[in-house]
Amino acid sequence: MSDAALPEEHPHHPFLQHHFEDMGQQHEASTLGMWMFLATEILFFGGFFCAYAVYRTMYFGAFRAGADHQNWRIGAANTIVLIGSSLTMALAVWAAQTSRRKLTVIMLILTLLLGGVFLGVKMYEYHSHWEEGLFPGTHFTYVDHQHPELTKGIELFMTFYFGLTGLHAMHMIVGVGLLIWMILRAYRGDFGAEYYAPVEVMGLYWHFVDIVWIFLFPLLYLLHY
Amino acid sequence: MTSQTIDDVQFIEPIPKRNYLNVEYGVFSWLLTKDHKRIGILYLISVTLLFFVGGIFAFLLRLELLTPEGDLFTSDTYNKLFTLHGIVMIFFFLIPAIPSALGNFILPIMLGAKDLAFPRINLLSWYLYVIGALFGIYVIVTGGVDTGWTFYTPFSTQYSNTHVFATTLGAFITGFSSILTGLNFIVTTHRMRAPGLTWFRLPLFVWSIYATSIVQLLATPVLAITLALLMFERVLGVGIFDPGLGGDPVLYQHLFWFYSHPAVYIMVLPAMAVVSEVVAAFTRKRIFGYSFVAFSSLAIAFLSFLVWAHHLFVAGISVYSAMVFSFLSMLVAVPSAIKVFNWTATMYKASVSWQTPMLYILGFIGLFTIGGVTGLFLAALGIDVHVTDSYFVVAHFHYIMVGGTVMAYMAGIHYWWPKITGRMYPEWWARLGALLVFVGFNLTFFPQFIVGYVGMPRRYHAYAPEFQVLNVLSTAGATVLAVGYLLPMVYLLWSLGWGRKAGANPWGAVGLEWVTSSPPPKDNFHETPVVTWDAYDYPAFLKAMKETQHV
Chain A
1 MSDAALPEEH PHHPFLQHHF EDMGQQHEAS TLGMWMFLAT EILFFGGFFC AYAVYRTMYF
61 GAFRAGADHQ NWRIGAANTI VLIGSSLTMA LAVWAAQTSR RKLTVIMLIL TLLLGGVFLG
121 VKMYEYHSHW EEGLFPGTHF TYVDHQHPEL TKGIELFMTF YFGLTGLHAM HMIVGVGLLI
181 WMILRAYRGD FGAEYYAPVE VMGLYWHFVD IVWIFLFPLL YLLHY
Chain H
226 MTSQTIDDVQ FIEPIPKRNY LNVEYGVFSW LLTKDHKRIG ILYLISVTLL FFVGGIFAFL
286 LRLELLTPEG DLFTSDTYNK LFTLHGIVMI FFFLIPAIPS ALGNFILPIM LGAKDLAFPR
346 INLLSWYLYV IGALFGIYVI VTGGVDTGWT FYTPFSTQYS NTHVFATTLG AFITGFSSIL
406 TGLNFIVTTH RMRAPGLTWF RLPLFVWSIY ATSIVQLLAT PVLAITLALL MFERVLGVGI
466 FDPGLGGDPV LYQHLFWFYS HPAVYIMVLP AMAVVSEVVA AFTRKRIFGY SFVAFSSLAI
526 AFLSFLVWAH HLFVAGISVY SAMVFSFLSM LVAVPSAIKV FNWTATMYKA SVSWQTPMLY
586 ILGFIGLFTI GGVTGLFLAA LGIDVHVTDS YFVVAHFHYI MVGGTVMAYM AGIHYWWPKI
646 TGRMYPEWWA RLGALLVFVG FNLTFFPQFI VGYVGMPRRY HAYAPEFQVL NVLSTAGATV
706 LAVGYLLPMV YLLWSLGWGR KAGANPWGAV GLEWVTSSPP PKDNFHETPV VTWDAYDYPA
766 FLKAMKETQH V
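Residue numbers (our numbering), protein chains in the order written: chain A, 1 to 225; chain H, 226 to 776.
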């Protein structure tokens with residue numbers, strides 16, 4: 001077009017994709033997209049939680065005994081770490097929205113570190129379960145000497161433990177990957193009051209993964225009292 | 226109204242030289258495209274290929290059933306054939322066919338948008354579909370799988386020596402393709418509608434696809450986690466569903482059908498979407514009871530989540546819960562019947578033009594009604610127990626899936642073919658094809674109702690000799706049906722080169738997709754359209770078109 005040199009009334013934001021009318025529409029589409037994705041995730045975990053509920057009823061004693069093998073102190077500490085990461089994540093969204101570039105980067109890095117701590121602690125827990133012979137399947141060597149009849153049920157509990165926390169950890173690892181990408185973009189100065197949807201969407205995802213853990217912690221660690 | 230009809234209002238401006246098909250060339254311009262129209266075509270090609278793969282299995286099954294003795298295939302091979310037929314047809318054809326191929330192409334244009342909200346995710350979802358399908362092909366080539374498409378445990382986890390893991394992984398991956406498509410459609414419908422296009426001005430196609438997307442989004446993840454648990458059990462040997470290890474096989478069936486019954490509506494709601502468009506276009510009338518048809522789509526989507534246990538009437542669930550699910554299953558008939566009655570009422574006293582899409586849709590309405598009413602038989606507890614695992618069930622769901630979804634898919638392909646390709650298909654051949662499909666279909670599946678009711682079980686390669694006459698009829702019908710499906714392949718491909726050039730609005734229909742040129746430009750419209758008419762409001766649409774012409 002010949003009028004390219006003329007000053008436009010609304011200069012296009014560099015991150016406005018061409019199929020959107022304006023930044024507002026693009027922002028709303030991104031956040032709605034993430035909410036829809038989280039709806040899918042709720043049903044994804046929901047099927048697993050449903051199976052957990054069925055077997056907890058079927059093997060009540062074994063599931064109680066299974067929870068005894070979890071160290072609730074470590075679990076509680078990890079819960080606090082994760083909630084802390086949600087706080088720094090929320091602050092990162094706020095910082096991006098108010099165009100505080102440095103603060104955005106710092107808060108995202110803090111979130112990354114806290115997420116890393118959580119995963120590290122989880123690895124430690126997995127390792128000690130493995131040592132005890134509690135990993136289900138052919139490696140399962142644990143026998144409950146007091147109540148040998150519970151052993152099969154405890155293996156089922158550990159299946160759910162590894163399945164649910166493993167699925168959660170996989171989501172955390174994806175989140176860590178996304179965080180690294182966000183940190184690079186924030187450092188580059190991509191975000192500001194007009195354009196911060198990626199950080200907000202990342203935040204929605206991160207909070208969701210935290211909330212899943214808020215359900216997992218009592219179900220797997222605390223329900224033996 | 227003036228004497229001028231809608232056909233007279235055509236685009237005065239010449240058809241633009243550049244459209245989405247010739248704006249760029251080369252393999253990578255297709256494989257890396259973010260244009261929803263090109264992705265729709267990628268889907269169209271891939272689902273058509275897999276439809277013929279699934280069709281070959283169906284044909285082999287019918288060939289075996291020509292004679293009562295199991296003389297063509299061993300029972301093991303036969304088990305693999307019906308399993309692969311089911312898996313390929315359901316996961317790789319019926320579920321993506323209308324939404325991902327036709328919906329991808331038409332939905333954003335109907336909304337007056339330049340593209341779907343997330344074009345890259347749209348491309349990703351096609352790649353996920355292809356990866357899932359490649360797992361399916363791998364399984365077919367390396368020896369198959371024999372669990373039935375339902376993967377019932379503990380057979381699938383403990384006893385089957387076939388490729389259960391690869392198959393379920395393929396279905397798992399394809400599931401995410403379906404989820405992402407649904408997500409994209411929901412966000413696009415909410416956020417990308419053209420100015421003036423309010424919810425109650427939307428074409429009913431959009432309402433129905435929207436309802437489908439909700440089911441895809443909320444049901445598919447449950448299948449994903451169920452198949453993940455199944456793979457977990459099969460690989461680690463832990464007892465999630467195997468009763469021998471303390472698991473509960475009925476829980477597997479609950480979880481599986483929590484997806485797979487709503488999946489029936491993932492297959493049939495898009496078919497209903499096509500029906501509404503075609504009926505309005507070929508009767509030149511607004512669909513009778515627009516808002517009832519719109520809300521019945523949402524009602525079907527909602528109720529679809531509450532009926533799954535009618536697949537478990539003989540699996541040992543309690544009589545009380547069976548009665549509840551029996552009642553809820555019958556409720557689904559209400560919104561479905563509303564649709565059928567409203568389409569029929571639209572045709573009442575209309576001057577219907579009998580072009581190919583309309584012929585397919587007439588077939589749809591008749592066959593879907595038979596499929597739906599026999600569905601009520603099956604929802605009734607006593608009859609279900611009598612005919613469970615018989616050919617009656619097979620006939621019932623083929624009336625819905627083939628008589629319903631495939632008929633509507635064929636109607637949709639013909640209806641939007643001029644928009645997609647810019648060429649008309651040859652009408653005479655297409656009518657012949659529609660007739661062959663209708664006759665072939667009924668000849669194939671109607672005898673199965675009878676043979677099932679008198680006691681022929683499904684999933685066996687041999688049967689009692691007194692069933693042979695009906696089975697021969699069925700196989701003969703399958704032959705006619707095969708010709709009916711192959712014929713469009715020939716004349717549609719022919720029309721790409723030699724078909725008559727189509728104008729922007731060859732049917733004289735109302736809708737944004739008929740405002741833009743055929744084939745549409747890359748961004749769908751030369752400028753963002755403003756909608757001033759209600760859906761299927763012929764006078765208002767005509768007036769709006771005249772105004773834009775005579776400025």
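Glycine included, every Cβ here is placed at the ideal spot set by N, Cα and C.
Burial check for residue 300(H): the Cβ neighbour count within 10 Å stays below 16, so the residue is exposed. Against residue 368(H), chain A offers no close residue; the least beta-carbon distance is about 26 angstroms (beta-carbon pairs closer than 8 angstroms). Annotation for residue 262(H): the continuous alpha helix (DSSP H) segment containing it runs 261–289. Assigned with DSSP and collapsed to three states, residue 416(H) falls in helix. Along the segment 601–616 of chain H, there is no position whose C-beta sits under 8 angstroms from a C-beta of chain A. Taking the Cα positions, residue 434(H) is about 10 angstroms away from residue 414(H). With a beta-carbon spacing of about 6 angstroms, residue 393(H) and residue 456(H) fall inside the 8 angstroms limit used to define contacts. The beta carbon of residue 305(H) lies closer than 6 angstroms to those of 369 and 371 in the same chain, with the five residues before and after it left out.
In the DSSP assignment, residue 345(H) falls within the alpha helix (DSSP H) that extends over 344–367. Using a Cβ-Cβ cut-off of 8 angstroms, residue 408(H) is close to 33, 36, 37 and 40 of chain A, given in chain order.
No beta strand (DSSP E) of 3 residues or more sits fully in the segment 623–698 of chain H.
In the DSSP assignment, residue 168(A) falls within the unbroken alpha helix (DSSP H) covering 151–188. Not flagged as an interface residue toward chain H: residue 209(A), since no C-beta distance is shorter than 7 angstroms. Residue-level contact by beta carbon fails for residue 357(H) and chain A, as no gap is shorter than 7 angstroms. For residue 19(A), the closest alpha carbon among the candidates 710(H), 773(H), 345(H) and 254(H) is that of 345(H).
Taking C-beta atoms as the reference points, residue 191(A) and residue 96(A) count as a pair closer than 7 angstroms. Taking 7 angstroms as the cut-off, the beta carbon of residue 585(H) is found no closer than this to the beta carbon of residue 540(H). Residue 754(H) holds the alpha-carbon nearest to the alpha-carbon of residue 336(H) among 773(H), 769(H), 754(H) and 772(H). Neighbours of residue 219(A) in chain H, taken as residues at a C-beta separation under 8 angstroms, are lacking, since the least C-beta distance is about 16 angstroms. Residue 22(A) counts as exposed, since fewer than 16 other beta carbons sit within 10 angstroms of its beta carbon. Against chain A, the CB of residue 532(H) has no partner CB under 7 angstroms away; the residue lies outside that interface. Looking at the DSSP output, residue 615(H) shares a beta bridge with 682(H). When the five nearest sequence neighbours on each side are left out, the beta carbons in the same chain lying within less than 6 angstroms of the beta carbon of residue 451(H) are those of 480 and 481, in order along the chain. The secondary-structure analysis by DSSP pairs residue 726(H) across a beta bridge with 648(H). Residues of chain H whose Cβ lies closer than 7 angstroms to the Cβ of residue 44(A) are, in chain order, 446, 449 and 450. DSSP places residue 329(H) inside the alpha helix (DSSP H), whose first and last residues are 329–335. Taking a Cβ-Cβ cut-off of 7 angstroms, the neighbours of residue 342(H) in chain A comprise 29 and 33, given in sequence order. For chain H, the residues of the segment 163–185 of chain A that bring a beta carbon within less than 7 angstroms of one of its beta carbons are 163, in chain order. The C-beta of residue 386(H) has fewer than 16 other C-beta atoms within 10 Å across all chains shown, which makes the residue exposed.
The Cβ neighbour count for residue 146(A), taken over all protein chains shown within 10 Å, is under 16; the residue is labelled exposed.
In the three-state scheme derived from DSSP, where H, G and I count as helix and E and B as strand, residue 137(A) is classed as coil.
By alpha-carbon distance to residue 169(A), the top candidate from 63(A), 130(A), 55(A) and 78(A) is 78(A). Between residue 529(H) and residue 604(H), the CB-CB gap reaches or exceeds 7 angstroms. Using beta-carbon distances, residue 262(H) does not count as an interface residue toward chain A, since no partner is under 7 angstroms. Contact with chain A is absent for residue 733(H), since none of that chain's Cβ atoms lies less than 7 angstroms from the residue's Cβ. Among the residues facing chain A, residue 587(H) is not included, as its CB has no counterpart in that chain under 7 angstroms away.
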